[in-house]
Each structure stands twice: as C-alpha cells, then as structure tokens.
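K.L.:
Below is one structure. I have some questions about it.
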Amino acid sequence: MPTVVSGIRSTGNLHLGNYFGAVKNFIEMQHHHDAYFFIADLHSLTTHPTPEHLYGNVRQVLAEYLACGIDPEKATVFIQSDVPEIAELYLLMNMNAYLGELERTTSFKDKARQQPDNVNAGLLTYPVLMAADIIIHKAHLVPVGKDQEQNLEMARTFARRFNRIYNVELFPIPRPYIFEGQDMVKIPGLDGTGKMGKSEGNAVSLADSPQEIRKKVMKAVTDSGPTVPNQQKPEVIQNLFTLLEVVSTPDVVSHFDLQYNNCTIRYGDLKKQLAEDITNFTTPIRERIEMLLADDKYLSSVAKLGADKARASASRTLQEVRAVIGLKKFY
Ligand code: TRP
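Here it is, written out as structure tokens:
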C-alpha cells in the first residue's frame, strides 16, 4: 500500500472549504493508503503562539478532524511534537539545505513580509522540517493545497539530494497530490468573490452554531436580481448556488434555479434555505466536535495510539539514516 503523509496546520476552526477540500480527501485516502495525518504544532511555533493558544488549537483541530470522520484505527493520527524523531531528522537534513534556496522560497518571503519583526530561523527552515515530516515515513504521496506545491518541491529536492550524496535509495521521492482542481468543487466564500478562507472572514465553520450560520448566510453578498429570463448568473449569485449544490438536494437547487431563470427569485428565501441546509449538514459534525472536546480520555488515547504508531515508523527510518550518515553506535 502506498504511504501518504500530510500535515495539518494547527489553527482550529475548520470551515466548509476545508471540509470539501483537505478533509474529504483524507477520509477517502485513509481506506486505500498507509496514511499518516499529523497536526503540525512545531511548524506553528514560527509565529510564536502563546502556550494556551497552541495547546487549545491542537486539541480543537484533533477533535475536528476526528469529528469529520478521520479514523484513528485506519490512519495514523498524531501530533508532530510527540515524535522527536522528526526533530532529529530535521537537524540532519538541515546540513544539506542551503541558505540560498531557503531564502528564495515564496512562503518564506511572504512570511518575512508579514512578520518583519520575527524573521526567525525556523521560518527559514520551515521546508526542511516539512521534508522531515514526509520522508521520515518514506511517503510516496503528499496531499496538499496548491499553496504548498513549492514546499513539496523542496521536500523532493532534499530527499533526492540525500539519496545522491550517500549513494542510497533510502527515500522515495514524494509526489504531490494537489486536491484543488480536478473533480473537486471549489467552495466559494460568502463575500461574493473567491474561495472560502479563514483569514478572508467569509467562512462558515463546522463548529458554528445554527444562529451564527444563519447570521453569516443572511449577510452574504447578492445583487439586485435578474432582469431578463435565463440570464447568466454573476459570480456573487453563482457562488450561493454552488454552496446550495453542495449541501442541498437537487430539487432544492432546481427550484431556485427555475425562479432565477424566470426572474421571480427572492434571495432572502434562497439564503434561508441555504442556512438551513448548511446547518443540517454541519450539526452532526458540530455535535461530535463538542462530544470529543468533552472527552479528554478519548482524545488522549487517540494521541497516544497515533504517537506510538508514528514513532515506530519514524525510528525505523531514522536508524537507517544514522547508519548511512556514519553516526554509528560505539556501545
Ligand atoms: N505546511 C503545511 C501547511 O501549511 C502543513 C504541513 C506541515 C505539511 N508538514 C507537512 C503538509 C507535511 C504536508 C506534509 O498547510
């Protein structure tokens, strides 16, 4: 079975866009792959979160992924910092990562611009840590969003370079699996343009209450309505229909489509329906999130199981790496 590794940013509050992007792919992949999904808490230290935020976020993300249907018996679900072997491989890989290539990384340049007072070394070597995450399990495939393409290209470079320097074939060269495009629906935001994103402030979270969902949806941007029959929908309106297509039944969609086409549509009705159907979709997930967050014992058993499985795999690779490098035991 091919091995899949993917890291999850440790900022909580998954939204519908995440669900129909990353999460759905993970859920699908866990059945056909030796899958490792982990919460990248070490990576998030590059932005200096407070200890309370860091811990709370990791816990929330863990609960949310489990609530969505990531199965810790099928996939290996773990927290990055529970696997010290990753940190050691990161140190070793840093020896063959060059300042020039790290400085040229787009995500580094972006971050350096965003946080000019905190351009730390962890930010610079972020792609090295990410490579360590991936190759420590000898991953073949890495499901990531488009924004991670370059980081993954660097992981490929580092894996190839290690193999070449030591004349081994220890690491498979991991291939990206970009889950945007193809047959994936892009989930639009509620502000009329572009896709749903946490920082865009246009998102419906899986953990939002029915009241919050309703408030957000009713505020969604629309236009003044169609004036001629069968006219093409502008982006703001098409976006609402796209959301409807994802959470509602086909007859609901065609009902409003018909009304749009004969110019009788009332956007208020559409939004009410959309809010209700989003709520119906998210409610079981939200309830599971709440249940999991109230069950410390279960969360800790999941984290322990994942850490044990991940460490077993990671330490196997690390032993090979140490031997290849010449770090052999004298005792
Ligand atoms: N950098 C990824 C992101 O921001 C998260 C991540 C960390 C990751 N390590 C990884 C993704 C390894 C895939 C594989 O989304």
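Per our numbering, the sequence shown runs over residues 6 to 336.
We treat Cβ as the ideally placed atom computed from N, Cα and C, and that holds for glycine.
All figures in this text were calculated on a predicted structure; none of them were measured in a lab.
Over the uninterrupted alpha helix (DSSP H) stretch that includes Val209, give me the two end residues.
P.N.:
Here the question's residue 209 lines up with position 204 in the sequence shown. That residue, Val209, is in no alpha helix (DSSP H); it is neither H nor E in DSSP.
K.L.:
Using the beta-carbon of each residue, find all residues closer than 6 angstroms to any heavy atom of the ligand TRP and list them in chain order.
P.N.:
Here the residues come out as Val10, Ser11, Gly12, Arg14, Ala45, His48, Met135, Asp138, Ile139, Val147, Val149, Gln153 and Asn156.
K.L.:
Taking all protein chains shown into account, decide if Arg161 is buried (16 or more other Cβ within 10 angstroms of its Cβ) or exposed.
P.N.:
Position 156 of the sequence shown, counted from the first residue, corresponds to residue 161. It is buried - the Cβ of Arg161 has at least 16 other Cβ atoms within 10 Å.
K.L.:
For Leu310, I'd like the list of residues in its chain whose CB is within less than 7 angstroms of its CB, leaving aside the five on either flank, ordered along the chain.
P.N.:
Translated into positions along the sequence shown, residue 310 becomes position 305. Once the five neighbours on either side are set aside, the close Cβ partners of Leu310 are Pro77.
K.L.:
Which same chain residues end up closer than 8 angstroms to Leu47 when comparing Cβ atoms and leaving out the 5 residues on each side of it in sequence?
P.N.:
As a first step, residue 47 must be located in the sequence shown, where it is residue number 42. Cβ within range, chain order: Gln85, Ser86, Ile91, Ala92 and Leu134.
K.L.:
Enumerate in chain order the residues of its own chain whose CB-to-CB distance from Val226 is below 8 angstroms, with the five nearest sequence positions on each side excluded.
P.N.:
The residue given as residue 226 occupies position 221 in the sequence shown. So the list reads Leu195, Asp196, Gly197 and Val241, once near-sequence residues are dropped.
K.L.:
Which runs of the alpha helix (DSSP H) spanning at least 4 residues fall entirely within the stretch 266-303, listed in chain order?
P.N.:
The qualifying runs are 272-298.
K.L.:
Which whole-angstrom value is the C-beta distance of Ala45 and Ser15, which I expect to be below 8 angstroms?
P.N.:
Locating residue 45 in the sequence shown gives position 40, counting from the first residue. Locating residue 15 in the sequence shown gives position 10, counting from the first residue. Sure, about 6 angstroms apart at Cβ, within 8 angstroms.
K.L.:
Spell out the partners DSSP gives Gly12 in its beta bridges.
P.N.:
Taking the first residue of the sequence shown as 1, we reach residue 12 at position 7. The partner list for Gly12 (beta bridge, DSSP) reads Phe43.
K.L.:
Starting from the C-beta of Leu19, find all residues in its chain whose C-beta is less than 6 angstroms away, skip the five residues before and the five after it, and write them out in chain order.
P.N.:
Along the sequence shown, read from residue 1 onward, the residue named residue 19 stands at position 14. So the list reads Glu69 and Leu211, once near-sequence residues are dropped.
K.L.:
Among the residues of its own chain, which have a CB less than 6 angstroms from the CB of Leu247, if the five just before and after it don't count?
P.N.:
For this step, residue 247 is matched to residue 242 along the sequence shown. Here residue 247 turns out to be Thr, not Leu, going by the sequence shown. Answer for Thr247: Pro193, listed in chain order.
K.L.:
How would you call Met34, buried or exposed, if buried means at least 16 neighbouring beta carbons within 10 angstroms?
P.N.:
The residue labelled residue 34 in the question sits at position 29 within the sequence shown. Counting Cβ neighbours within 10 Å, Met34 comes out buried, since at least 16 surround it.
K.L.:
In terms of residue numbering, what span does the beta strand (DSSP E) encompassing Val147 cover?
P.N.:
In the sequence shown, the residue the question calls residue 147 occupies position 142. Note, Val147: beta strand (DSSP E), Leu146 to Val149.
K.L.:
Measure the Cβ-Cβ separation of His145 and Pro7 and say whether it is below 8 angstroms.
P.N.:
Within the sequence shown, numbered from 1, the residue matching residue 145 stands at position 140. Within the sequence shown, numbered from 1, the residue matching residue 7 stands at position 2. Yes, the pair counts as a contact, with Cβ atoms nearer than the cut-off.
K.L.:
Taking buried to mean at least 16 other C-beta atoms within 10 Å of its own C-beta, is Leu332 buried or exposed?
P.N.:
In the sequence shown, residue 332 corresponds to position 327, counting from 1. Exposed is the call here.
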